[in-house]
Structure formats: C-alpha cells, structure tokens
Amino acid sequence: MTTPTPPFDLSHIVTAEQVVDDYRTAFRSRQASLIGRREVLSGRAKFGIFGDGKEAAQIAMAHAFRHGDFRSGYYRDQTFMLALGEISIQSFFAQLYAHTDLEKEPATGGRLMNAHFATRSLNPDGSWRDLTAQYNSASDISPTAAQMPRLVGLAYASRLYREIEELHQFAQFSRNGDEVAFGTIGNASTAEGMFWEAVNAIGVLGAPAVISIWDDGYGISVPNKHQMVKENLSVLLSGFQREGGAMATTFTR
Ligand SMILES: Cc1ncc(C[n+]2csc(CCOP(=O)(O)OP(=O)(O)O)c2C)c(N)n1
Ligand SMILES: [Mg+2]
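So the sequence shown is residues 1 to 253, counted in the working numbering.
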C-alpha cells in the first residue's frame with residue numbers, strides 16, 4: 001500500500017493528531033450549538049445564543065493565543081473557549097441552565113446569559129493569580145460593542161508594561177508587555193461608535209491587539225445593508241491600514 005503524497009507537506013507545522021484534535025473540538029462545539037438550541041426552543045432552557053459557523057476561525061485564533069494574552073469578546077466565542085480548555089461542554093450547558101454552583105459554572109455562577117465567558121484573575125482567598133501563566137478572558141458584558149474600549153485598555157496596558165520600567169516588578173500581570181489582546185465583535189455591532197474609536201485608538205497608540213469580526217451578514221434579523229455604508233467591512237477598514245510601515249507611535253517587541 002502506498003501512502004498518497006499530499007500537494008504540500010505541512011507536517012512541520014501541524015501534525016495529523018492536531019488536525020484530528022481540532023476537528024473533534026469543532027464537531028463537539030457544533031453539536032453543543034445544535035443541542036443547546038433545541039433545549040431553548042423546546043423550553044428546557046430560558047434563553048440561548050450559540051457559536052455555530054465560526055468553528056474553524058476560532059480554532060485558528062486559539063492556536064495563536066498564548067498564556068498571558070487576554071480576550072475581550074462576545075457571545076459567539078464558544079469554540080475559542082472550548083479550544084483553549086477554558087470551558088467544557090459540561091460548564092457550557094451548566095451556564096445555559098443558569099446553574100448557580102461556581103464549581104459547575106465558573107464564569108458567572110449562572111448570573112449572566114449563556115455564552116458570557118470569563119476566566120478568574122483572583123484565587124478564592126482574594127490574592128492575585130499569575131495571569132502570565134494562564135489564558136485570560138475579561139468577563140463578557142451584554143451591551144454589544146462594549147468589549148471594545150476594554151480591548152483598548154488591555155492592549156495599551158501591555159505597551160505601558162513594555163515601556164515603563166517601574167511596572168516590571170508586577171510580574172504576575174505581564175511579561176514585560178509581551179502579550180496580545182484579542183478582541184471579537186459581530187458585524188452589526190461594528191456600526192457603533194465604540195468600535196471605530198477603539199480601532200483608531202489601537203492604531204494611534206500602537207497597542208498590541210488583534211480584532212476578529214464574525215460577519216454573518218446580520219444583526220439579529222437586520223441585514224448589513226441597513227446598518228453599514230458598505231456591506232464589506234474589510235473595505236471600510238482598509239483606510240486604517242499602515243502606509244509604508246509608518247505608524248503614529250512605534251515600539252519594538
Ligand atoms: C447596545 C446594545 N443594543 C442592542 C442589543 C441587543 N442585541 C443583542 S445581540 C444584537 C445583534 C448583534 O449582531 P452582531 O453584532 O452582528 O452579532 P451576531 O449576533 O450576528 O454575531 C443586538 C441588537 C444589545 N445587547 N446591546
Ligand atoms: Mg451578525
């Protein structure tokens with residue numbers, strides 16, 4: 001039996017085991033979406049919102065995310081959180097059923113709607129955890145786009161940790177600024193002013209952030225054409241691109 005030769009040998013980048021593992025995560029996440037939606041529509045859970053359709057992009061994002069990095073995102077990020085191991089299928093459904101036991105639903109103890117993610121920065125005794133040794137997610141909040149100003153703050157903090165020597169003593173918060181803040185937002189929410197202010201501020205400040213827009217063409221039932229001047233967000237954002245490598249502020253990593 002001969003082994004078929006692939007057109008590109010990617011084995012130095014990704015192993016077959018990793019591909020299968022990623023597929024398993026995506027498949028489990030999709031099933032959680034389908035089963036969760038059924039639970040809501042049949043009245044067994046009060047409200048639900050799910051992340052189907054974004055599995056592949058979020059698995060790729062999880063591969064780039066490192067310990068010490070921060071997420072400031074919204075309710076579509078279940079696959080990303082699953083891929084990081086920061087939620088489980090069990091805790092995802094515990095949140096859907098508003099389970100108040102923090103052991104079962106560690107993000108919010110059933111206080112928030114489902115798919116509102118968060119990691120803990122404090123130990124039970126109130127002391128700080130070492131945030132550089134864990135994946136961090138700020139706590140999701142309900143107003144759409146409200147995660148964006150916080151993304152600016154998280155990213156700008158890393159830049160300050162790079163440049164201000166006195167901050168280096170706080171080694172449990174930052175590895176001398178060598179982190180990235182990852183933001184996620186829905187297409188319709190980019191119609192809000194906070195989004196554009198955040199994109200502009202991140203560029204001006206030279207703050208290390210990555211923004212992913214999950215564009216499904218709709219905000220609830222309203223199509224993009226009723227919310228955005230141009231339906232293609234990449235076209236709208238292209239004006240922010242750096243020209244000739246010039247930035248308002250420069251820094252070195
Ligand atoms: C400030 C604010 N206005 C309205 C809402 C109600 N709301 C919740 S989700 C949503 C649609 C968001 O659409 P989009 O940003 O495209 O995200 P998607 O759910 O499509 O991924 C709206 C209007 C809200 N949560 N906050
Ligand atoms: Mg949308």
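No residue lacks a Cβ here, since even glycine has one placed at the ideal position from N, Cα and C.
DSSP places Phe-182 in the strand class (E or B) of the three-state scheme.
CA-CA distance, Lys-46 to His-99, rounds to 12 Å. Between the C-alpha atoms of Leu-82 and Asn-176 there is a straight-line separation of about 28 Å. In this structure, ligand 2 has a non-hydrogen atom nearer than 7 Å to the beta-carbon of Asp-216. Annotation: the segment 138-211 contains the following complete segments of the beta strand (DSSP E) (minimum length 3 residues), in chain order: 181-186.
Residue environment for Ile-35: exposed (fewer than 16 other C-beta atoms within 10 angstroms of its C-beta).
When distances are taken from the beta-carbon of Thr-144 to the heavy atoms of ligand 1, the shortest one is below 7 Å. Leaving aside the five residues that flank Ala-94 on each side, the residues in its chain whose CB is nearer than 8 Å to its CB run, in chain order, Asp-101, Lys-104, Glu-105, Gly-110. If you draw a 10 Å sphere on the C-beta of Ala-115, you find 16 or more other C-beta atoms in it, and that means buried. For Arg-28, the closest of Arg-37, Arg-71, Ser-88, Ser-42 by C-alpha to C-alpha distance is Ser-88. For Asn-200, the distance from the CB to the nearest heavy atom of ligand 2 is not below 7 Å. In this structure, Val-199 keeps its C-beta atom at 8 Å or more from the C-beta atom of Leu-160. Tyr-74 is the residue among Tyr-74, Arg-120, Glu-86, Thr-25 whose C-alpha sits nearest the C-alpha of Ile-211.
The beta carbon of Ala-191 lies closer than 7 Å to those of Gln-227, Met-228 in the same chain, with the five residues before and after it left out. For Asn-136, the CB stays at least 7 Å from every heavy atom of ligand 2. Beta-carbon to beta-carbon, Ile-59 and Thr-25 are separated by about 6 Å, close enough to satisfy the 8 Å threshold. In this structure Ala-62 is in contact with Leu-84, their Cβ atoms being roughly 5 Å apart against a cut-off of 8 Å. With 16 or more other CB atoms across the displayed protein chains lying within 10 angstroms of its CB, Gly-68 is buried. Taking the Cβ of Ala-188 as the reference point, at least one heavy atom of ligand 2 falls within a distance shorter than 7 Å.
The segment 215-247 contains, as complete alpha helix (DSSP H) runs of 4+ residues, the segments 233-237 (chain order). Judged by DSSP in its simplified three-state form, Phe-93 adopts helix. According to the DSSP assignment, Phe-70 belongs to the beta strand (DSSP E) that extends over 70-72.
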